[in-house]
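I have placed the structure first, in the form of structure tokens, so that the comments after it can refer back to it.
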Amino acid sequence: NRKRGEALEWARRARDGEFRKDDDERAAVEGSLRIYASIACLFVSFAFGRSTPAALSLAGINASGEGGLLLDILQVPALALVAAGIGSSIVSGVVLAPGKNRSSLAWFLKGLLGGPLAVLKLRELEGLKTRGESQEE
């Protein structure tokens, strides 16, 4: 009986040390993060794609004239989107997530794909608490 009681006490302490389940901790890009990732991916692939000049010429835009200038102009914001994704992944995964007991890897990936929207979403979330901490409240 004594060993059984010790085992039950150990199991309770282990369970109290676990973090509560939270849907935001999954490495899934959903909602506004998915929309941002899709738009950014399409924009970057259009700006830097090797077949973009051919697509522009099919649309009647001269790829060496105004089409080339258009591509040069579009590459600047596309590069800014890439830089924003990299910066957001570092801020989300390295700076914000550990301070809130959140998964650094999941939020690094969400920051990379979701850009600044992932940082905003993570800042809105509360710190993740263990089961024991949530029972004490």
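For what it's worth, the working numbering labels the leading residue of the sequence shown as 38, then goes sequentially. Virtual Cβ for every residue (Gly too), placed ideally from N, Cα, C. Every value quoted in this text rests on a predicted model; they were computed, and no experiment measured them.
With a cut-off of 8 Å on the beta carbons, I'd call Thr89 and Leu108 a contact; round off their distance for me. The residue labelled residue 89 in the question sits at position 52 within the sequence shown. The residue labelled residue 108 in the question sits at position 71 within the sequence shown. Between Leu108 and Thr89 the Cβ distance is about 6 Å, and since that is below 8 Å, they are a contact.
Could you give the residue range of the alpha helix (DSSP H) that holds Ser141? Translated into the one-based positions of the sequence shown, residue 141 becomes position 104. 141 to 151 is the span of the alpha helix (DSSP H), which, as asked, contains Ser141.
Local Cβ density within 10 Å of Gly122, reported as buried at 16 or more and exposed below that: Here residue 122 corresponds to residue number 85 of the sequence shown, with the count starting at 1. Buried, since its Cβ has 16 or more Cβ neighbours within 10 Å.
Compare the C-alpha of Gly130 against each of Val119, Gln112, Leu149, Pro114 and name the closest. Start at 1 with the first residue of the sequence shown, and residue 130 comes out as number 93. Among Val119, Gln112, Leu149, Pro114, the Cα nearest to that of Gly130 belongs to Leu149.
Measure the alpha-carbon distance for Ser69 versus Glu46 and round it to whole angstroms. Translated into the one-based positions of the sequence shown, residue 69 becomes position 32. Translated into the one-based positions of the sequence shown, residue 46 becomes position 9. Looking at the two C-alpha atoms, the distance is approximately 43 Å.
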